[in-house]
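In case it helps, the working numbering puts the sequence shown at residues 133 to 461.
Positions of the beta carbon are idealized from the N, C-alpha and C atoms, including for glycine.
Below: one structure, written as structure tokens.
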Amino acid sequence: MNRKNQLPPNEIAYKIRSGHLPSLSRMITRVESNRLEDQNYANDVLNELLPYTGNSLRIGISGIPGSGKSTFMEAFGTKLCEQGMKIAVLAIDPSSPYSGGSILGDSTRMEKLTQHPNAFVRPSPSNGRHGGLHSKTFETMLLCEAAGYDIVFIETVGVGQSEGEVRELVDFFMLLTIARSGDDLQGIKRGILELVDYIIVNKCDGELIRESKQTAISLKHSLQLIKPPTKEWSQRVITCSSINGNGLDQIQNDINQFFDHIKQNDFLSQRRVDQKKNWFHRSIKQTILHSIYSDETVRNILLDQEIKFLNNEIGLSEASKKVLNSIYR
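Quick look at the structure:
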């Protein structure tokens, strides 16, 4: 977008609401930008769009590399699109610690879905954050909602604290895994099982059918000891083949049942309030940190205290206090 000839916020907001994909893509780029000018413009546009957000289903998908997330998303997303639904997929790539760019490029592995007129697939780097989500994922999701997408999928690699961040952002959280032996099942941490509403044992085809079904049974037993993250909803485990489509119908039915449940019991409204609270406080922390590291005087004091700490000239607490005092000078 030519910054000099940019449209007024209300006009670009109207184009996004009208489903103009180039405007949506450019605005996401502005939202993710570190430039103050871009951030201010994006905030003005978001303020115009806020009344038109909140109507989409928010679904998270996580799983370790190799679990077939992109293949599943291609198959399931295409199925939904062919039924007339509009879906957005925010594929959060782990980013290079050196360039900050995406490593995997998920959209290149969802070619059929990317080309569907009812789909919008947006790969986004995590900016090196260990949590796995981009710091502006919440705002990006709101843009997609304002653009009229029925479902916004947030797909992230299952590393670090990504599952916890996804849980705070979505209504329904799915974990993809594959056939595992008893020892390998121990690798699925209890903390992850406490966060997800649904587990899909993917790649249940060919020689892996029997082992996949056994993995599903073992996971169901493990979930009996877990408190579900959603009130009055029992976590479910299903086998699926993204190649031949087995299990996709059941997954869609279960998702529909889940949303019927949380809407009828007024759980969805409270979950949305919690999501906004969580990301409000997350944004405040990020803004404060950015402000601190943008202050040259504070940066110099921080560097000085860091050197003294590394040389054992000062303790950690004292060094931290001196940096803090410089902030509130």
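Just mark residue i as buried or exposed, buried being the case when its beta carbon has 16 or more other beta carbons within 10 Å.
i, result
"F252", "buried"
"G200", "buried"
"S366", "exposed"
"E364", "exposed"
"F412", "exposed"
"N166", "exposed"
"N334", "buried"
"Q402", "exposed"
"S423", "exposed"
"R368", "buried"
"S449", "exposed"
Less than 8 Å separating the beta-carbons of residue i and residue j?
i, j, result
"C276", "H248", "no"
"Y281", "S194", "no"
"R299", "F305", "yes"
"N142", "E180", "yes"
"L327", "G296", "yes"
"F390", "D329", "yes"
"R241", "Y184", "no"
"A174", "R162", "yes"
"F285", "L380", "no"
"L301", "T269", "yes"
Examine chain D for any beta-carbon lying closer than 8 Å to the beta-carbon of residue i, and answer yes or no.
i, result
"Y425", "Here there is only one protein chain, and chain D is not present."
Specify the secondary structure class of residue i as computed by DSSP and reduced to three states.
i, result
"I191", "strand"
"S267", "coil"
"P141", "helix"
"A348", "helix"
"I235", "With a pLDDT of 43 at I235, under the threshold of 50, the predicted position of this residue should be treated as unreliable, though the coordinate-derived value follows. Here I235 sits in coil by DSSP."
"M306", "strand"
"Y173", "helix"
"I324", "helix"
"T429", "helix"
Would you mind working out which of the options sits nearest residue i, comparing C-alpha positions?
i, options, result
"D337", "S374, L139, H266 and K321", "S374"
"P255", "A278, L274, I283 and T288", "T288"
"L355", "G323, N378, K335 and K440", "G323"
"L351", "R342, I331, I341 and D436", "I331"
"Q346", "P361, C372, I358 and N376", "C372"
"S267", "F399, N444, S344 and R414", "R414"
"D303", "D176, I349 and P361", "P361"
"G151", "A220, I439 and D398", "A220"
Fully enclosed by the stretch 202-229, which beta strand (DSSP E) runs are 3 residues long or longer? Within the stretch 202-229, the complete beta strand (DSSP E) runs of at least 3 residues are 219-225.
Hey, which unbroken runs of the alpha helix (DSSP H) at 4 residues or more fall wholly within the stretch 357-405? Runs found: 380-396.
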